[in-house]
Amino acid sequence: MDALNDYLAGFGEDPGYLDFAAFGPLSAAVVAESAAQEDLVRRARHGAGERLGRNVGRLQDAAAVLTGFRSDQIVFQPSTGQGITQAVYGLAGGLLVSPVDHPALPTAAARAAEAMQVVTPVWLEADQGRVTPSGVRDALTSTTMAVLVSAVDARTGAVVDLDGIRQVIGDRLLIVDAVQALGAVDLPWDAADVVACGGETWLRAGWGAAFLAVSDRAANRLTPVLSGHAGTGDDDAPGHVPPPVDGAQGMQISEPDQVAAARLAAGLEELAQAGPAVVAARIADRVARVTALADEFALPVVSPRAEAERAGIVVVEPLPDRLTALTAALFNHGVSVTIRDGRVRLSPHAGTTEETIAMLRSALSAYATAVRPVR
17 MDALNDYLAG FGEDPGYLDF AAFGPLSAAV VAESAAQEDL VRRARHGAGE RLGRNVGRLQ
77 DAAAVLTGFR SDQIVFQPST GQGITQAVYG LAGGLLVSPV DHPALPTAAA RAAEAMQVVT
137 PVWLEADQGR VTPSGVRDAL TSTTMAVLVS AVDARTGAVV DLDGIRQVIG DRLLIVDAVQ
197 ALGAVDLPWD AADVVACGGE TWLRAGWGAA FLAVSDRAAN RLTPVLSGHA GTGDDDAPGH
257 VPPPVDGAQG MQISEPDQVA AARLAAGLEE LAQAGPAVVA ARIADRVARV TALADEFALP
317 VVSPRAEAER AGIVVVEPLP DRLTALTAAL FNHGVSVTIR DGRVRLSPHA GTTEETIAML
377 RSALSAYATA VRPVR
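Set out below in structure tokens:
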């Protein structure tokens with residue numbers, strides 16, 4: 017419990033924050049790491065460059081611990097979206113993806129098809145918006161080379177069955193966007209061939225830092241189309257353009273942001289120390305508390321209720337004529353959420369406090385009073 021308590025002590029957001037699926041306020045460890053790295057850059061003392069240059073390796077090691085990939089199979093990326101784009105542009109053949117998944121995924125598929133003309137998006141008709149193994153199995157064709165999916169649906173918090181998809185797709189590649197999953201739910205990352213994840217949400221490490229994990233099998237099939245100078249492995253190559261290096265390291269465009277890499281490494285390290293399963297269990301408890309409050313005040317919950325099928329997100333969908341009242345109640349009581357398409361998304365974290373839960377209760381009580389029929 018000491019490791020978990022240390023992890024929880026790193027939460028410093030204001031009470032009422034229930035929007036970690038949008039962005040996670042920086043953890044204390046990340047803030048301290050960022051300050052130390054920026055001071056190193058500011059002072060530029062002798063040896064600063066060498067010390068900064070160790071940060072990507074540290075990030076690779078930390079990501080390897082949590083994903084099960086080797087450190088050399090992991091490369092820094094500035095965002096989840098760029099990591100996904102790297103993988104998708106390197107494909108040839110059919111790419112199965114849901115058009116209602118996070119927009120970064122179908123957009124990457126469409127742009128790759130337009131630019132390269134070797135990737136063919138195969139649009140998956142999701143089961144009530146959810147990507148399931150059975151739906152994937154039924155949509156596979158002889159030309160399908162890969163499946164692209166978010167491990168957790170950002171709209172509903174539904175967890176995708178990665179093991180189940182792995183079983184039905186056989187030797188095809190499974191490319192996974194993990195940004196709404198890693199740090200919120202403990203999943204079998206070894207089922208995936210490619211994993212992309214940024215630090216801005218559940219890892220509480222801020223924007224501008226992500227990693228791309230690429231298995232050896234995927235590296236042998238993906239062409240590093242977007243590889244730049246940083247992907248050549250040649251620091252001094254005057255007069256010629258060297259080819260990309262093999263594997264994940266070839267999927268780099270420019271030199272990594274070493275300070276951003278240190279921030280993300282710090283976020284990954286503190287998650288590993290606390291234990292992904294332990295943190296996920298704590299989040300599940302907070303999700304259950306939020307769901308119970310929604311039930312108490314008769315708000316329809318449209319996100320999954322079974323613990324095994326949900327991550328850190330609770331989505332409620334009030335009647336259309338009551339959305340304004342709910343929005344006002346949450347705002348007036350200082351509760352931060354995401355409101356989109358007539359739904360309200362609440363995303364607590366392991367460090368969500370009793371004060372925040374109480375603020376949510378007060379907001380929902382005010383909402384219930386506002387919409388109560390006048391007799």
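The sequence shown lines up with residues 17 to 391 when you count with the working numbering. We put the CB at the ideal spot given by N, CA and C, even for glycine. For clarity, every value in this text was computed on a predicted model and none was experimentally measured.
**Request:** Determine the burial state of residue 71: buried for a count of at least 16 other Cβ atoms within 10 Å of its Cβ, exposed for fewer.
**Result:** Here residue 71 is buried, its C-beta having at least 16 other C-beta atoms within 10 Å.
**Request:** Report the residue from 333, 175, 271, 332 whose alpha carbon sits nearest the alpha carbon of residue 224.
**Result:** The shortest C-alpha separation from residue 224 is found at 271.
**Item:** Neighbourhood of residue 361 by C-beta, 7 Å cutoff - its chain only, sequence neighbours within 5 removed
**Value:** Only 37, 329, 331, 353, 354 meet the Cβ criterion.
**Message:** On the DSSP bridge list, what partners appear for residue 316?
**Reply:** In DSSP, residue 316 forms no bridge with anything.
**Asked** For residue 143, which residues does DSSP report across the bridge?
**Response** Partner(s): 146.
**Prompt:** Less than 8 Å separating the beta-carbons of residue 393 and residue 155?
**Reply:** As shown, the chain starts at 17 and ends at 391. That puts residue 393 outside it, with no answer to give.
**Request:** Give, in chain order, every unbroken run of the beta strand (DSSP E) that is at least 3 residues long and sits entirely within the stretch 186 to 221.
**Result:** Taking 3 residues as the shortest admissible run, the stretch 186 to 221 contains the following complete beta strand (DSSP E) segments, listed from N- to C-terminal end: 189 to 193, 210 to 214.
**Message:** For the beta strand (DSSP E) containing residue 92, name the first residue and the last one.
**Reply:** Residue 92 -> beta strand (DSSP E) spans 90 to 93.
**Prompt:** Between 363, 351, 29, 297, which lies nearest to residue 383 when the distance is taken from Cα to Cα?
**Reply:** Taking each of 363, 351, 29, 297 in turn and checking the Cα distance to residue 383, the smallest one comes out for 351.
**Asked** If you draw a straight line from the alpha carbon of residue 357 to that of residue 65, how long is it in whole angstroms?
**Response** If you draw a straight line from the Cα of residue 357 to the Cα of residue 65, it comes to about 47 Å.
**Asked** DSSP on residue 174, reduced to helix/strand/coil?
**Response** The three-state secondary structure of residue 174, taken from DSSP, is strand.
**Asked** Got a sec? Which residues, its chain only, sit under 7 Å from residue 286 by beta carbon, not counting five neighbours each side?
**Response** Leaving aside the five residues that flank residue 286 on each side, the residues in its chain whose CB is nearer than 7 Å to its CB run, in chain order, 23, 26, 43, 45.
**Request:** Sort 106, 55, 58 by Cα distance to residue 263 and report the nearest one.
**Result:** Closest in alpha carbon position to residue 263, among 106, 55, 58, is 106.
**Request:** Please work out which residues of its chain come closer than 6 Å, Cβ to Cβ, to residue 274, disregarding the five sequence neighbours upstream and downstream, and give them in chain order.
**Result:** Only 68, 71 meet the Cβ criterion.
**Item:** residue 197 versus residue 335 - alpha carbon distance
**Value:** Linking residue 197 to residue 335 through their CA atoms gives a straight-line distance of about 29 Å.
**Request:** Sort out for me which residues DSSP pairs residue 160 with in a bridge.
**Result:** Per DSSP, 110.
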